[in-house]
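One structure is given below, encoded as structure tokens.
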Amino acid sequence: MGEVILPRRIFLWCMAVIYLTAFVSLYVQIPGLYGNEGLLPARWQLRYSGKPLGEQLLSSPTLLWLGPRLGLDTHTAMELLCLVGAALSLAATLVEALRDSVVFFCLWALYLSMYKVGQVFLYFQWDNLLLETGFLCILVAPLTLIRGSRGVREHDRVTFWLIRWLLFRLMFASGVVKLTSRCPTWWGLTALTYHYETQCIPTPLAWFAHQFPVWWQKLSVMGTYIIEIAVPLLFFSPLRRLRLGSFYLQVLLQVLIILTGNYNFFNLLTLTLCLSLLDDQHVRFWLRKADNISNNDSKLWSWLCYLVELAVWALMIFGTIVLFDLQLDPKKNAISSRTAFTYHQFNQFLKTVTIPCIWIGVLSLTWEIVTSMFRFACVSGFLRRFCGTVQWTLFAAATAAMFTVSLVPFTYIEFDSHGRLWPGVRRAYEVTDRFQLVNSYGLFRRMTGVGGRPEVVIEGSNDGVSWTEIEFMYKPGNLSAPPPLVTPHQPRLDWQMWFAALGTHTQAPWFTSLIYRLLQGKRDVIELIQTDVSQYPFHQQPPAFLRAHRYRYWFTEPKADGSYPERWWRRVYDEEFYPTVHLGNAFLENMLNQYGLKDKSPVRRMSNTTVAQAVRWVRSQVRGVPAPTLIWTLIACSTIICLLQGLQNRSRHKTVSSQSDHVPDGASDLCGKSDEQQAAEEEEGEDDEDEGEEEGEDDEDEVDEGEAEEKETVGDDEQDEEQEEEEIKR
1 MGEVILPRRI
11 FLWCMAVIYL
21 TAFVSLYVQI
31 PGLYGNEGLL
41 PARWQLRYSG
51 KPLGEQLLSS
61 PTLLWLGPRL
71 GLDTHTAMEL
81 LCLVGAALSL
91 AATLVEALRD
101 SVVFFCLWAL
111 YLSMYKVGQV
121 FLYFQWDNLL
131 LETGFLCILV
141 APLTLIRGSR
151 GVREHDRVTF
161 WLIRWLLFRL
171 MFASGVVKLT
181 SRCPTWWGLT
191 ALTYHYETQC
201 IPTPLAWFAH
211 QFPVWWQKLS
221 VMGTYIIEIA
231 VPLLFFSPLR
241 RLRLGSFYLQ
251 VLLQVLIILT
261 GNYNFFNLLT
271 LTLCLSLLDD
281 QHVRFWLRKA
291 DNISNNDSKL
301 WSWLCYLVEL
311 AVWALMIFGT
321 IVLFDLQLDP
331 KKNAISSRTA
341 FTYHQFNQFL
351 KTVTIPCIWI
361 GVLSLTWEIV
371 TSMFRFACVS
381 GFLRRFCGTV
391 QWTLFAAATA
401 AMFTVSLVPF
411 TYIEFDSHGR
421 LWPGVRRAYE
431 VTDRFQLVNS
441 YGLFRRMTGV
451 GGRPEVVIEG
461 SNDGVSWTEI
471 EFMYKPGNLS
481 APPPLVTPHQ
491 PRLDWQMWFA
501 ALGTHTQAPW
511 FTSLIYRLLQ
521 GKRDVIELIQ
531 TDVSQYPFHQ
541 QPPAFLRAHR
551 YRYWFTEPKA
561 DGSYPERWWR
571 RVYDEEFYPT
581 VHLGNAFLEN
591 MLNQYGLKDK
601 SPVRRMSNTT
611 VAQAVRWVRS
621 QVRGVPAPTL
631 IWTLIACSTI
641 ICLLQGLQNR
651 SRHKTVSSQS
661 DHVPDGASDL
671 CGKSDEQQAA
681 EEEEGEDDED
691 EGEEEGEDDE
701 DEVDEGEAEE
711 KETVGDDEQD
721 EEQEEEEIKR
């Protein structure tokens, strides 16, 4: 694989943006979810037993244990940690020097602290994926703050390889679990005929996607299997064009999901992981920048590579036709398809390929480690070579350890392969499991809502006779309200309402707490339902009675004349979900006591320290602002600042280049520098050259990441490329 300097930098910038999104999205919901009067107060998760701080951190690794030492209650401490995380990630977005291992360690520790007390509202696979990717960023990012240099390291390709392995595990497992679940819709290729209307929060485009004919929906399911199961095997191909082809197929899938579903930052994070399939040469191709890498391969070798690539794609197409029995139906102008293999055959396939996939990973990682070792061997200077070797040893060992531990959750997809793992690997996984370093993945195992999308509708009343529906901002309720666009924000209460509708209220204890808080009229909880409290039907006075019913929702269909209907949804009544209750009701009190949702100890008095007052002031400034608006404002402002920095740097480069063009022939070649200065620069050696290269490309890379810079002056390009070539040779 080629150099990964530019993909690595873009990856770290994207991770800073995703962290910013995650922290801000969670921050606006903390009072209603985890506040002292929220649905599941976080202080219930922290039992202060008098143990030393170290033991508490080991038993439950969260920085919230430090709250009392700072004079803060748990609610305020959570908001403080989120604000610190948002500020750090925003700074890392704007300043490349802060995309550092130390900063990413802090971001990971802060998000882990939230996760440990987040309970059911933070138990999503994308939260696990963010924690695992965030920990890998600690290994991938440079040690800028400690070393004082952003120089390229010879072991960068080794640590960056872990991102590719994580992407493989995520995609391969997500495809496999759809078939191992034995869900009839996935096996019948009809899952997408239900998916668009039954997913948690559809987008407006989901309505249009739902209208596609069944034969097209079946082809879409088939394409999903190919992209998620077959294509990931190409991630480790030694042929560059196969990796690039797999990259674009993954991007296609993720973009289509983003357009039809609100899955917060999950798909953006997956797209960020896909950057591990790229190299500098392809990124420069995007930027329309010349690449000096010469192709010394013989024509015979080039043609052989082309033939192998064509054979791989041809085999994939042929296998698709055979496995899904694709046939052209000219009468219906359609393509028929069906699953032409059995569950037993797929299970045998899984047993056959799981262990070889591990060995492919071993060989690929070994190749990266060995080539990295040879790069260190070519470094001039004994001291540099010795320090580099020590550094390579540490990072190679850390990478190998992370890969080994990840085999435990990866082999969950196949029982026999999991049982063949060395017991020591399982013990290592058990030790690190509390830190969410590696996780198992697999989305949409079974398709829900086949008989109609279940949806819980809460109704309130002041007299017990006339009832008013309580409409949520994001989840379906009002039949005429269009599906919203909320990506990358995740309204966590709306998501849990979707899960609650799939079962009974006893399977979602937090729902009783929601009813209780709404009867009390708690503003923090109301703002989870409507940011603009005036839109809440009982904002002036809490309802005296509450109840909940379950309905079945479906997307409407176009009219016979092809025009669009007036409503987006249609529904029918299903059953009672939660009985009519009021404050002091025996049933409600019994549920609260059964689930431990009533405070058994008095709430700690609100702190009035300077830090607590500052946190409350920030909260007062953002209260009432919709979360998607706040998130996109921060992202847009930071992106514009990065673009302006890049344009300013480009203008400075043009000025320097123009001045150098007017220097007489006898003058210095470096814009008027004296011979003594040039000699001093040459004597500084490769260390200073590394720093010079990084400083020259710092702001330029900000523009690269924003995809705004198209060309540089010829003189600057040649100078940057010569420096990069010298760095690669070292």
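Residue numbering for the sequence shown follows my numbering, starting at 1 and increasing by one per position.
Glycine residues also receive a C-beta, built at the ideal position from the N, C-alpha and C atoms.
query	result
Beta-carbon proximity list for residue 75, same chain, < 6 Å, skipping 5 on both sides	35, 36
Start-end ranges of the alpha helix (DSSP H) lying completely within the region 190–236, minimum 4 residues	192–198, 204–210, 214–225
Residue 580 versus 462, 161, 491, 598, residue with shortest Cα-Cα distance	462
Backbone secondary structure at residue 468 - three-state DSSP	strand
Endpoints, beta strand (DSSP E) assigned at residue 460	453–461
Per DSSP, cross-strand counterpart(s) of residue 548	458, 578
Where the beta strand (DSSP E) through residue 328 begins and ends	327–329
Simplified DSSP assignment, three categories, for residue 187	helix
Candidates 431, 183, 153: closest to residue 387 by CA position	153
Other residues of its chain near residue 635: CB distance less than 8 Å, five sequence neighbours each side excluded	17, 20, 21
For residue 480 and residue 566, the rounded distance between their alpha carbons	7 Å
Residues bridged to residue 555 [DSSP beta-bridge criterion]	569
Per-residue DSSP class, three states only, for residue 261	strand
Coarse secondary structure for residue 6, derived from DSSP in three states	helix
Those residues which DSSP pairs with residue 336 across a bridge	327
Opening and closing residue of the alpha helix (DSSP H) in which residue 429 lies	423–432
Residue 265 CB to nearest heavy atom of the ligand ADP below 6 Å	Here there are no bound small molecules, and the ligand ADP is not part of this structure.
Other residues of its chain near residue 456: CB distance less than 7 Å, five sequence neighbours each side excluded	497, 500, 501, 548, 550, 577
Inter-residue CB distance, residue 119 and residue 40 (contact presumed, cutoff 8 Å)	5 Å
Residue 116 - DSSP class collapsed to helix/strand/coil	helix
Residue 540 (DSSP reduced to helix, strand or coil)	coil
Assigned secondary structure, residue 127 (DSSP; H/G/I helix, E/B strand, else coil)	helix
7 Å Cβ shell around residue 358 - same chain, five flanking residues per side excluded	407
Buried/exposed call for residue 329, threshold 16 Cβ in 10 Å	exposed
Residue 274 and residue 235 closer than 7 Å at C-beta	no
Rounded straight-line distance, which links the Cα of residue 197 to that of residue 557	12 Å
Same chain, Cβ closer than 6 Å to residue 574, five either side skipped, listed in chain order	550, 551, 552
Nearest neighbour of residue 156, chosen from 6, 401, 435 [CA to CA]	6
Proximity winner among 127, 583, 508, 473, relative to residue 518 (alpha-carbon distances)	583
Segment contact flag, the region 374–384 with the region 445–456, C-beta cutoff 8 Å, min 3 pairs	no
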